[in-house]
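Colleague: Next up is a structure, given as structure tokens.
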Amino acid sequence: MARLEHEALDEVSGIEKSALGDFYWVHNDSGDEARLFAIDADSAVLRPPYIPVSAADWPGHAIDGAWNFDWEDIALADGVLYIADVGNNGNARRDLGVYVVNEPDPLAIPKMRTLKFLPIRYPDQQHYPAKLWHFDCEAVFVADEMLYFITKHRRPGEIGGFEAGAKLYRLDTLFTDRENVLTLVGTHDGIFLATGADLSPDGSRLAVSTYDALWIFDRPADGDDWLSGTAWRLDLDRDVVQQLEAVTWDDAVTLRLVNEDRDVMLADVTAFSPVAEPH
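Here it is in structure tokens:
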């Protein structure tokens with residue numbers, strides 16, 4: 041187990057392995073500056089060497105044209121980073137969306153510029169706040185060039201009143217001047233509070249982190265309901281791992297995890313057990 045010692049990383053909520061090398065992009069949760077941090081495999085922060093600032097004082101890679109209302113996860117595909125500003129604890133937000141930026145070389149460029157912001161809306165939410173509090177999200181991933189969202193559920197009117205269940209949505213349009221209405225793809229009754237998601241390097245398996253377990257789903261035989269695929273699960277000891285906030289794949293069999301206390305852990309997916317019951 042390693043630890044994110046950089047003081048500015050005080051509440052990490054998303055992690056994604058880079059396509060440019062053996063390092064990772066991470067970001068803080070709500071209320072932080074609009075910025076990303078690059079970290080290496082030892083959890084040390086990466087920065088351009090020509091910037092006259094110490095590693096301890098490095099403020100991260102700023103993103104012009106963005107604002108962190110409640111960033112919850114990050115995904116990467118084809119050299120583009122998708123930063124999901126979709127935290128919605130009270131199920132009342134009407135400004136959910138995704139920032140799109142090109143992935144930079146963190147040793148060469150100190151900041152980024154927003155390419156676009158994609159406003160989103162759930163097709164089955166008609167009230168703000170919703171009658172059923174099923175419209176918070178902390179887990180996004182890209183598969184087959186499409187961005188997906190996995191929701192986190194609460195009892196109505198209770199910020200701290202969690203309940204099992206998740207919905208899977210897909211982003212089908214890329215409007216920047218109006219809301220993109222998501223498409224409901226599937227549901228899963230057994231997932232308890234999804235906090236992160238990532239597709240394996242070969243695109244065959246989906247990893248989902250939750251409060252009480254890690255899940256692996258095989259690519260579905262038909263369609264794109266990833267939560268319907270053959271599943272494996274690893275139950276978590278909360279006394280050890282605390283509250284997981286983010287997950288990404290290191291390689292074909294290893295997951296890299298970050299918890300709310302900034303601990304970085306690895307999990308071997310060959311240790312997961314098959315899930316027999318239907319979802």
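For the sequence shown, my numbering assigns the number 41 to the initial residue and increments by one for each residue that follows.
The beta-carbon is built from N, C-alpha and C at its ideal position, and this holds for glycine as well.
Small disclaimer: the values here were computed from a predicted structure and weren't measured.
1. Using a Cβ-Cβ cutoff of less than 6 Å, which residues in the same chain neighbour P146 once the five nearest sequence positions on both sides are dropped?
2. Using the Cα positions of A48 and D135, report the straight-line distance between them to the nearest angstrom.
3. Would you call the segment 110 to 121 and the segment 156 to 167 touching, i.e. three or more CB-CB distances under 8 Å?
4. Is the CB-CB distance between W266 and S313 below 9 Å?
5. Does any CB atom of chain B fall closer than 9 Å to the CB of I91?
6. Measuring alpha carbon to alpha carbon, tell me which of H101, T227 and R133 ends up nearest H167.
7. Taking all protein chains shown into account, decide if R218 is buried (16 or more other Cβ within 10 angstroms of its Cβ) or exposed.
8. Should I123 be labelled buried (16 or more other beta-carbon atoms within 10 Å of its own) or exposed?
9. Can you tell me the Cβ-Cβ gap for L158 and L224, rounded? I've got them flagged as a contact below 8 Å.
10. According to the neighbour-count rule (16 or more other Cβ atoms, all chains shown, within 10 Å of its Cβ), is R245 buried or exposed?
11. Among I149, L276, G226 and T227, which residue has its Cα nearest to the Cα of L254?
12. Classify S83 as buried or exposed, calling it buried when 16 or more other Cβ atoms lie within 10 Å of its own Cβ.
13. Let me know the secondary structure DSSP gives T310 once reduced to three states.
14. How is L222 classed by DSSP in three states: helix, strand or coil?
15. Just verifying my parser: in three-state terms, what is the DSSP assignment at A261?
16. List the residues that DSSP assigns as beta-bridge partners of A74.
17. Quick check: what's the CA-CA separation for G130 versus D301?
18. In whole angstroms, what is the alpha-carbon distance linking R43 and D303?
19. Please classify Y90 as buried or exposed, where buried requires at least 16 neighbouring CB atoms within 10 angstroms.
20. Could you check what DSSP says for R331 in three-state terms: helix, strand or coil?
21. Near L239, which residues of its chain fall below 7 Å by C-beta distance, leaving aside the five closest residues on each side in sequence?
Modeller: Taking the geometry as given:
1. A78 and L86
2. 26 Å
3. They do not touch, by the three-pair rule.
4. no
5. Absent from the structure is chain B; it holds one protein chain and no more.
6. R133
7. With fewer than 16 other Cβ atoms within 10 Å, it is exposed.
8. buried
9. That pair is no contact at about 18 Å.
10. buried
11. L276
12. It is buried - the Cβ of S83 has at least 16 other Cβ atoms within 10 Å.
13. helix
14. coil
15. Here A261 sits in coil by DSSP.
16. A74 pairs with nothing; no bridge assigned.
17. 23 Å
18. 4 Å
19. Counting every other CB atom within 10 Å of its CB across the protein chains shown gives Y90 a total below 16, marking it as exposed.
20. Only positions 41 to 319 of the chain appear in the structure, and residue 331 is not among them; the question remains open.
21. F181, V182, A183 and L246
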